Amino acid sequence: MNLFKRWLRQYGLSLLLFLILLISWESAVRVKWIPSFILPAPTSICNALIENRKLLFGLHLPATLQEVLVGFIISVILGSLLGTGMDMSSRLEKAFYPFIILSQTIPLIALSPIFIFWFGYSLAGKVAVVFLTAFFPIVVGSFDGLRKGAEGYRELLLTMGASRWQLLRKIQIPLALPSFFSGLKLSIVYCVIGATIGEWLGGSKGLGYFSRRMAANLQSDDMFAAVFLLSALGLGLFLILVLLEKIIFMKRGS
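Using the working numbering, read the sequence shown as starting at 479 and increasing by one per residue.
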């Protein structure tokens, strides 16, 4: 009960604004201020979710979730390794950092067809697009986090004969966790965007594919149902990382 009250105090205003938005949205569509084929009412989107639940939850949502998780895991592994390597080696930093920045200056929508052409419409093509979107925040979060302060502690450990690995494990990694988790939270949201773009470009399943097909058929209710699930997927994965971050910091604090 106390937890619910605390949650209500923190997010009560956001919940109230959300309810006002939903009521205003529903009312505007029902009185014909907004055509339903342009912006369906929330109740129509809810009905579309119920009517297409087997297709959406049984086929398309699992496909998108698989692409997101595989791309995210690969990004975390390679991004963390490269960020750590660039911190430990200035040569590695100078060699790779410009290319990492360069990869973000090219619009994703321009590179995605190339990945689809290389890897096809299979899972690998979608994962490649997801990886491209998710890799950058993790590399930068890891690298910048490891470069953060605590010079006094570093000098103290060095005078005591600490090795480079001991500095990394005892000082740099704990201080880098906030930046690292910031990169993770950005990355998981970008993963959903990348998976959607990959599915829009081609494929036979996934929420992005479903929304594109519904848009082509002018079935706006079904299209917005898929968009709602994509938003819910991104939010759910983001909140999982927030919870994981709190658990880790609570354990470190105790």
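Note that CB positions come from ideal geometry on N, CA and C, so glycine has one too.
A quick note: this is a predicted structure, and the numbers were derived from the prediction, not measured.
With 16 other Cβ atoms within 10 Å as the buried cut-off, status of residue i
i	result
Tyr668	buried
Asn695	exposed
Met728	exposed
Leu497	exposed
Gly549	buried
9 Å Cβ cutoff met for residue i and residue j
i	j	result
Leu685	Leu586	no
Gly676	Gly623	no
Ser558	Ser620	yes
Lys663	Leu719	yes
Pro652	Arg730	yes
Ser522	Ser514	yes
Leu560	Ile578	yes
Ile594	Val605	no
Val546	Ile666	yes
Where the alpha helix (DSSP H) containing residue i begins and where it ends
i	result
Asn525	520-529
Ser470	Absent from the model: residue 470. The displayed extent of the chain is 479 to 732, so no value can be given.
Gly619	601-624
Ile512	Looking at the DSSP string, Ile512 is not in any alpha helix (DSSP H), and its letter there is neither H nor E.
Leu517	Element bounds for Leu517: n/a, residue is neither H nor E.
Arg647	That residue, Arg647, is in no alpha helix (DSSP H); it is neither H nor E in DSSP.
Gln544	539-566
- Message: For the segment 586-597 against the segment 522-540, do three or more pairs of beta-carbon atoms, one drawn from each stretch, fall closer than 8 Å, so that the two count as touching?
- Response: No: fewer than three Cβ pairs fall under 8 Å.
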